[in-house]
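Structure first, commentary second.
Chains as they are written, first to last, in this note's numbering: chain A, 1 to 422; chain B, 423 to 659.
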């Protein structure tokens with residue numbers, strides 16, 4: 001072809017575009033908004049997706065979490081009067097699961113009650129979590145000070161507590177922290193350690209200072225608080241007997257997670273006829289999130305395709321007008337000896353320049369809009385390199401595809417007719 | 423005269439040969455016979471004027487000679503090449519290498535400067551972009567427009583525009599210059615300048631074919647071919 005002159009052709013293309021500045025700009029707008037909105041939408045989608053994935057990952061993709069859930073018939077029975085409702089996971093369940101499934105690494109029982117924690121005059125309602133040392137192995141959160149719960153605390157039913165960082169900040173007096181005594185319920189617990197808060201990556205996770213936790217040995221919790229929890233609601237006292245609120249199960253191999261989850265569901269189904277539990281599999285949620293993302297991408301892809309199509313039609317329209325307007329020029333070039341192929345190249349370069357300029361401005365816009373969204377709406381956005389490469393490629397392709405017809409029309413004009421054209 | 427100009431060949435013999443050339447246009451349901459059997463030969467280095475009333479077929483004749491069109495019947499040989507056998511690419515190639523055009527309405531490309539207009543044929547000849555500027559400058563100098571090199575056609579007078587067109591037509595050092603009423607849009611002073619350029623070009627040995635309907639211009643040519651109803655009425659030498 002005419003590679004020595006490619007640069008000049010591009011220069012000529014640019015020149016023609018500059019010459020018709022407003023028209024070129026309006027033509028490009030289609031591309032600009034197409035590309036810009038695609039990148040922006042992808043960025044928002046990717047941001048939301050990464051946040052969702054991060055939240056699921058925090059739950060641990062090797063884990064299965066079983067929650068106690070109040071059955072609906074228990075809910076009805078309890079209405080309006082004092083009644084003891086008994087439901088949920090049992091201590092026994094945790095052991096059975098650990099013994100039954102070979103691929104289960106560890107099981108962690110979790111019992112949660114809300115109690116006020118008090119040191120001197122400072123107090124704060126805590127989420128008191130009765131659990132075992134295995135909990136600290138499972139969540140892998142670093143200790144800020146002191147030590148985690150140990151198995152000897154379990155055996156001795158020791159009055160020790162490990163506070164979360166924010167809870168410690170709230171209720172412990174300045175100065176020495178480890179060894180202070182916190183009054184929870186009727187007993188005093190010695191602060192054995194402080195554990196870091198749940199790491200937050202996404203921007204919409206609730207503020208850290210709300211995570212006011214105190215971890216005590218589950219054996220001590222059973223000793224001091226029993227299994228019956230009294231909830232006071234307006235006009236009634238609600239008593240619930242729940243042995244465990246959660247059992248977290250860590251599976252050795254990620255590939256076995258779903259099989260183990262199915263096994264657990266089947267097994268628990270035999271012991272808990274009234275469905276007072278709920279099995280949560282973060283991995284399944286992860287898969288679901290990924291599937292959602294795929295669907296989202298397809299929808300987005302269709303929108304992108306349509307907007308780029310519209311942009312392409314705009315370009316074709318303007319190029320056809322340009323061919324008509326420049327018929328004479330085409331005639332002159334043909335008379336001088338330009339081949340059809342060279343006329344096609346000339347017009348294609350112009351549309352390619354037009355569409356890729358539009359694409360570039362669109363990319364600038366696509367970078368700017370997510371920034372604005374993050375700034376004002378507080379939504380996380382992630383602009384991927386992939387989306388940039390894709391959109392510049394597509395805008396070039398659109399320019400060439402929609403430039404082909406006008407270019408070939410220009411090339412097939414009769415030179416004599418073209419020269420006479422006014 | 424410029425030195426490049428004088429490197430023209432001193433070939434002798436026939437450059438163009440027409441044998442019973444006919445051209446029929448289809449206009450609506452009617453066939454219009456623009457050329458009805460033209461036979462003639464044109465020698466290297468000759469200067470021809472084609473004359474005739476409008477509708478006599480002189481424009482069609484020039485388009486055919488310029489390889490912008492092909493005959494419906496008959497033969498056209500350019501330097502022994504049968505033009506009928508050429509496809510669109512072949513015709514383009516022939517125009518690019520052997521022919522130069524100047525038109526009544528100048529036909530410069532308005533977006534391009536004088537320099538870029540003159541460079542246009544070199545561009546399609548794949549000249550190295552570094553060398554085209556020098557050639558264009560020489561040609562602009564030759565037609566007396568060295569100081570207008572970076573102007574656009576709109577900033578030039580008609581006579582200046584036609585001189586740019588003349589320079590462009592010679593950029594590819596063609597065998598034949600085809601001029602379609604080259605002074606039709608010019609006043610008598612500038613017409614004389616253009617005619618002088620043509621005469622000088624002829625002296626340097628180029629073949630020139632000019633369509634005109636003015637006898638005093640045709641007088642500059644060596645031969646005058648008079649057309650009537652698509653045929654050669656007579657040839658004056």
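C-beta: ideal position from N, C-alpha, C; glycine also.
What residues match up with residue i in a beta bridge as DSSP calls it?
| i | result |
| --- | --- |
| residue 188 (chain A) | A:183 |
| residue 110 (chain A) | A:246 |
| residue 649 (chain B) | B:654 |
| residue 452 (chain B) | B:449 |
| residue 193 (chain A) | A:146 and A:162 |
| residue 425 (chain A) | With chain A represented from 1 up to 422, any question about residue 425 (chain A) goes unanswered, as that position is not in the structure. |
| residue 469 (chain B) | B:630 |
| residue 441 (chain B) | B:497 |
| residue 485 (chain B) | Beta-bridge pairing links residue 485 (chain B) to no other residue. |
| residue 523 (chain B) | B:600 |
| residue 430 (chain A) | An answer regarding residue 430 (chain A) cannot be provided, because it is not within the stretch 1 to 422 covered by chain A. |
| residue 464 (chain B) | B:438 |
| residue 215 (chain A) | A:129 and A:162 |
| residue 86 (chain A) | A:241 |
| residue 457 (chain B) | B:445 |
| residue 104 (chain A) | A:251 |
In angstroms with no decimal places, state the Cα-to-Cα distance between residue i and residue j.
| i | j | result |
| --- | --- | --- |
| residue 651 (chain B) | residue 10 (chain A) | 47 Å |
| residue 409 (chain A) | residue 56 (chain A) | 56 Å |
| residue 48 (chain A) | residue 93 (chain A) | 36 Å |
| residue 106 (chain A) | residue 387 (chain A) | 42 Å |
| residue 317 (chain A) | residue 58 (chain A) | 52 Å |
| residue 67 (chain A) | residue 88 (chain A) | 8 Å |
| residue 654 (chain B) | residue 615 (chain B) | 30 Å |
| residue 195 (chain A) | residue 115 (chain A) | 19 Å |
| residue 65 (chain A) | residue 403 (chain A) | 57 Å |
| residue 502 (chain B) | residue 437 (chain B) | 8 Å |
| residue 143 (chain A) | residue 108 (chain A) | 19 Å |
| residue 230 (chain A) | residue 257 (chain A) | 36 Å |
| residue 346 (chain A) | residue 17 (chain A) | 13 Å |
| residue 187 (chain A) | residue 146 (chain A) | 21 Å |
| residue 240 (chain A) | residue 226 (chain A) | 11 Å |
| residue 207 (chain A) | residue 163 (chain A) | For residue 207 (chain A), the predicted model reports a pLDDT of 42, less than 50, meaning its position is unreliable; a value from the coordinates is still stated below. Their Cα atoms are separated by approximately 17 Å. |
| residue 319 (chain A) | residue 401 (chain A) | 12 Å |
| residue 680 (chain B) | residue 340 (chain A) | Residue 680 (chain B) is absent from the structure shown; chain B starts at 423 and stops at 659. |
| residue 562 (chain B) | residue 493 (chain B) | 36 Å |
| residue 179 (chain A) | residue 190 (chain A) | 5 Å |
| residue 302 (chain A) | residue 310 (chain A) | 12 Å |
| residue 553 (chain B) | residue 602 (chain B) | 30 Å |
| residue 407 (chain A) | residue 350 (chain A) | 10 Å |
| residue 326 (chain A) | residue 380 (chain A) | 49 Å |
Examine the ligand PLP and report whether any of its heavy atoms sits within less than 8 Å of the Cβ of residue i.
| i | result |
| --- | --- |
| residue 334 (chain A) | Absent from the structure shown: the ligand PLP. Ligands present: none. |
| message | By the 9 Å beta-carbon criterion, what residues does the stretch 546-573 of chain B contribute toward chain A? | response | 546, 547, 548, 549, 550 and 551
| field | Where the stretch 331-350 of chain A meets chain B: residues whose CB sits under 9 Å from a CB there | value | 331, 332, 333, 334, 335, 336, 337, 338, 339, 340, 341 and 342
| said: Can you pull out the residues from the stretch 572-606 of chain B whose beta carbon lies closer than 7 Å to at least one beta carbon of chain A? | reply: none
| field | Segment contact, 8 Å Cβ cut-off, at least three pairs: the stretch 386-405 of chain A with the stretch 343-362 of chain A | value | yes
| message | Extract the residue ranges of the beta strand (DSSP E) inside the stretch 107-147 of chain A, only unbroken runs of 3 or more that lie entirely within it. | response | 122-131 and 143-146
| said: Contact between the stretch 211-231 of chain A and the stretch 248-261 of chain A is defined here as three or more beta-carbon pairs at a separation below 8 Å; is this criterion met? | reply: no
| field | Meets three-Cβ-pair contact criterion under 8 Å: the stretch 328-344 of chain A and the stretch 509-516 of chain B | value | yes
| field | Complete beta strand (DSSP E) runs within the stretch 488-515 of chain B (minimum length 3 residues, chain order) | value | 495-500
| message | So within the stretch 556-640 of chain B, which uninterrupted alpha helix (DSSP H) runs reach at least 4 residues, ignoring any that extend past its ends? | response | 580-592, 610-625 and 637-640
| message | When you compare the stretch 51-66 of chain A with the stretch 280-297 of chain A, are there three or more beta-carbon pairs, one atom per stretch, that lie closer than 8 Å? | response | yes
| said: Please give me, in chain order, every unbroken run of the beta strand (DSSP E) with length at least 3 that falls completely inside the stretch 261-338 of chain A. | reply: 277-280
| Within 8 Å of chain B by C-beta, residues of the stretch 386-408 of chain A in sequence order | none
| field | Given 8 Å, three or more beta-carbon pairs between the stretch 540-553 of chain B and the stretch 473-485 of chain B | value | no
| Where the stretch 5-33 of chain A meets chain B: residues whose CB sits under 7 Å from a CB there | 5, 8, 15, 16 and 19
| message | Check whether the stretch 582-599 of chain B and the stretch 373-380 of chain A are in contact - that is, three or more C-beta pairs closer than 8 Å. | response | no
| field | Near-chain B residues of the stretch 50-72 of chain A (beta-carbon distance less than 7 Å), N- to C-terminal order | value | none
| field | Segment contact flag, the stretch 538-546 of chain B with the stretch 556-566 of chain B, C-beta cutoff 8 Å, min 3 pairs | value | yes
| field | 4 or more residues per run - each alpha helix (DSSP H) lying fully within the stretch 385-412 of chain A | value | 385-411
| task | Evaluate the contact criterion for the stretch 608-622 of chain B versus the stretch 433-448 of chain B: three or more CB pairs, one atom per stretch, below 8 Å. | result | no
| query | Would you say the stretch 490-508 of chain B touches the stretch 559-574 of chain B, given that touching needs at least three Cβ pairs under 8 Å? | reply | no
| request: Would you check if there are 3 or more beta carbon pairs closer than 8 Å linking the stretch 118-134 of chain A to the stretch 164-172 of chain A? | output: yes
| Interfacial residues, the stretch 450-474 of chain B to chain A, with Cβ spacing under 7 Å | none
| Do the stretch 636-644 of chain B and the stretch 462-469 of chain B touch if we need at least three Cβ pairs shorter than 8 Å? | yes
| task | Check whether the stretch 37-44 of chain A touches the stretch 259-279 of chain A, taking contact to mean three or more Cβ pairs, one atom from each stretch, closer than 8 Å. | result | no
| message | Please identify, using Cβ separations under 9 Å, the residues of the stretch 488-512 of chain B that lie next to chain A, in order along the chain. | response | 488, 490, 491, 510 and 511
| field | Contact list for the stretch 620-650 of chain B against chain A, Cβ threshold 9 Å | value | none
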